[in-house]
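**Q**
In my numbering, the protein residues as written are -5 to 177.
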């Protein structure tokens, strides 16, 4: 019972923090402005660890490697802690590989969340203040699809096509995670 509670808490807290770090990484990569409630929240919750890491880890070609590396370290640490609690001894390479695949999976989940929120906002209140934020996140992925998926009437089906692609992408990522873990 203790092991289940401990692994649940570690997974929940670490995943939440990894999602925050990945969201910050994607905001910077996609050049999403941080002058909005979500951007300010990301900066407030992650700057304490990202700012010192940036002094040591430089960016590369517009990618904030410090934030990405921190997300990977937190995820790998959480996996190691969970394995230690249940008495498992996975190799360092397995933990490193699973953590890397988890970052890819979490990135897909972030995009899925952004698409769902953007669709909901467009139906409920197209002029919502958070609308442009989600447009910044999803536009680079929706724009190429719009060339091939014409609107039906006044309904844009591109988000649905993107969601299908993202869910299909999760299938090999889940298998890759199992393979990386050696299962």
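Backbone N, C-alpha and C fix where the C-beta goes; we use that ideal spot for every residue, glycine too.
(1) For residue 65 versus residue 15, is the C-beta spacing smaller than 8 Å?
(2) If residue 79 and residue 1 are in contact, beta carbons under 8 Å, what's the gap, nearest whole angstrom?
(3) Opposite residue 54 in the DSSP bridges: which residues?
(4) Residue 142 lies in the alpha helix (DSSP H); which residues open and close that run?
(5) Where do the N-terminal and C-terminal ends of the alpha helix (DSSP H) with residue 87 fall, by residue?
(6) Can you tell me where the alpha helix (DSSP H) holding residue 29 begins and where it ends?
(7) Does the distance from the C-beta atom of residue 96 to that of residue 25 stay below 8 Å?
(8) Taking the CB atoms as reference points, tell me whether residue 60 and residue 67 lie closer together than 8 Å.
(9) Look at the alpha carbon of residue 157 and the alpha carbon of residue 122, and state the distance between them as a whole number of angstroms.
(10) Find the nearest neighbour of residue 165 within the set 32, 103, 136, judged by alpha-carbon distance.
**A** The structure says:
(1) yes
(2) 6 Å
(3) 57
(4) Looking at the DSSP string, residue 142 is not in any alpha helix (DSSP H), and its letter there is neither H nor E.
(5) 86 to 118
(6) Counting along the chain, residue 29 falls outside any alpha helix (DSSP H), and DSSP gives it neither H nor E.
(7) no
(8) no
(9) 22 Å
(10) 103
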